[in-house]
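Residues in the sequence shown are numbered from -15 upward in steps of one, following this note's numbering. Cβ coordinates follow ideal geometry from the N, Cα and C atoms, glycine included. Report on the following structure.
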Amino acid sequence: MNREADKHTTEIIQFDDNDCSMDLFGRHGEHLKVIESRTGLVINMRGNELHISGGETKVKLVIELLYQLYELVRRKYPLSGVDISQALGILENDPQASVSDIFQERVLLTSSKKMIAPRSANQRAYVDAIRANDMVFAIGPAGTGKTYLAMAMAVKSLLSREVRRIMLTRPAVEAGEKLGFLPGDIAEKVNPYLRPLYDALYDMVGFDKANSMIEQGVVEVAPIAFMRGRTLNDAFVILDEAQNVTPEQMKMFLTRLGFGSRAVITGDVTQIDLPEGSKSGLVQVRELLQGIEGIAFSFFTRVDVVRHPLVQKIIDAYDGAPNDRENA
């Protein structure tokens, strides 16, 4: 350990603009409290001046963070506590990263005027990959924005008339071959499996418009079993939870892609719910399709988790806990 780098220090920094400083610090200093909680530093606010105390390495990192975020709020970026936590994670992972470049890559303005944008370097690279390729595989844990960003890119492509429709699909693993014996029509049978896709769509375009788009067939939501025999032209197709499709289903899905279409396939290979002995189609394509022009792979880690700050702590706690099955 480098003791010199970890010595205790106090640094004082000051910001010129009163309004921007208030936006940076947060109401009653709530943004600074997020930083203190995440780093263990002590930050005292005196007007536009901050006194930051703690280990020298972390103090330098937080000063860089604050200067970068200050530039963002000067450009009228609506900073939130989640942004603070995510920006800190970006710099902890890569001290040379530009938070501004990542956060200002705007994808979609929702019906509620919320801006959807990348929140990590991997998310920024993912958005760029979707723009540049006809087929993108996104692999990583839950909460990393894989499906949500794909949905935002799909809606943006539809609104800008790059595609004529959106197709959303997921496997209904638990239903298996018994789907036909469940009561109700197709929508009632598969709705629980497709609900996360509906929720994302409602969030982006609003409830009424989303339902209108679905009724008109502009947006179609269906289980992967109903993709067989179809050719999808001029469509933005998203396959979610792809770790739970078999190799045969994956091949069937990938070969549905028609002219003027693009596909995004998302999944978490650590959460496979297929029957024991069944191979995941998502695991197989990592081996088969790497290096093919027009196909890109984006990989995410827990660093990319964009949810409540407690989620990251919960993930860390579970990762550090003994495996219950091993102790049974």
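In chain order, each alpha helix (DSSP H) run of at least 4 residues that lies wholly inside the region 103 to 166: 105 to 116 and 130 to 143
Any non-hydrogen atom of the ligand MG within 6 Å of R103 CB: Although the ligand MG was asked about, the structure shown includes no ligands whatsoever.
N77 in three-state terms, based on DSSP: helix
7 Å CB neighbourhood of V26 in its chain, flanking five on each side removed: E20, S37 and G38
Those residues which DSSP pairs with T(-6) across a bridge: S37
Buried/exposed call for Y51, threshold 16 Cβ in 10 Å: exposed
Residue closest to K235, alpha-carbon to alpha-carbon, out of L273, V253, S245 and P259: L273
Three-pair Cβ contact test at 8 Å for the region 275 to 290 versus the region 88 to 104: yes
Per-residue burial, P167 [other beta carbons within 10 Å of its own, 16 or more giving buried]: Interpretation of P167 is limited by its pLDDT of 48, a score under 50 that renders its predicted location unreliable; no figure is taken from the coordinates.
Three-way DSSP call (helix, strand, coil) for P62 in this model: coil
Own chain, CB closer than 6 Å to C4, minus 5 neighbours either side, in chain order: V57 and R58
Through-space distance from K193 to L93, alpha-carbon basis: 15 Å
Backbone CA spacing between R214 and V202 [nearest angstrom]: 16 Å
Inter-residue spacing [alpha-carbon to alpha-carbon] between F220 and S282: 18 Å
Nearest neighbour of A109, chosen from R179, G129 and S95 [CA to CA]: G129
For E204 and I198, the rounded distance between their alpha carbons: 6 Å
L72 vs L49 beta-carbon contact at 7 Å: yes
E204 - partner residues in DSSP beta bridges: M151
Neighbourhood of D0 by C-beta, 7 Å cutoff - its chain only, sequence neighbours within 5 removed: none
Those residues which DSSP pairs with F220 across a bridge: I150 and R246
Candidates A136, E14, Q88 and G24: closest to E55 by CA position: Q88
For D224 and T250, believed in contact at Cβ under 8 Å, the rounded distance: 5 Å
DSSP-derived helix/strand/coil call for G13: helix
S262 versus Y132: straight-line alpha-carbon distance, rounded: 28 Å
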